[in-house]
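For the sequence shown, the working numbering gives the first residue as 1, with consecutive numbering after it.
Backbone N, C-alpha and C define an ideal beta-carbon position, used for all residues, glycine too.
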Amino acid sequence: MTNAMNNLDVATGRGRVDIGGAVKQSREAMGYSVEDLSLTCGLTGAEITRIELGTDVDPDRLRRIAAALQVSTSTFHLV
């Protein structure tokens, strides 16, 4: 699996997946604003925004977001 740090697309056998887009889609599916998610997972709004825009791929932050949104880490293609 290869991370393209400029847009956080992950190369997989099934094509390319936008991690930031998956985070945003999961957040919106829960009805959370960035601020709601920030309060729930303990990250700043700026950190969440950077992840959704594809400028941050920190696995620990993504795990915290997955836990807050009650989704599997595999939603964001983490192990």
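Under DSSP, D58 takes part in no beta bridge, so it has no partner. Only exposed fits S33, as fewer than 16 other CB atoms lie within 10 angstroms of its CB. Its chain contains L37, R61, R64 and I65 as the residues whose beta carbon lies nearer than 8 angstroms to that of L43, once the 5 sequence neighbours on both sides are disregarded; these appear in chain order. Residue range G45 to L53 is occupied by the alpha helix (DSSP H) that includes G45.
In the DSSP assignment, Q70 falls outside any alpha helix (DSSP H) and carries neither an H nor an E. Rounded to the nearest whole angstrom, the CA to CA distance from Q25 to T40 is 16 angstroms. Distance from the CA of T55 to the CA of Q70, rounded to the nearest whole angstrom, comes to 23 angstroms.
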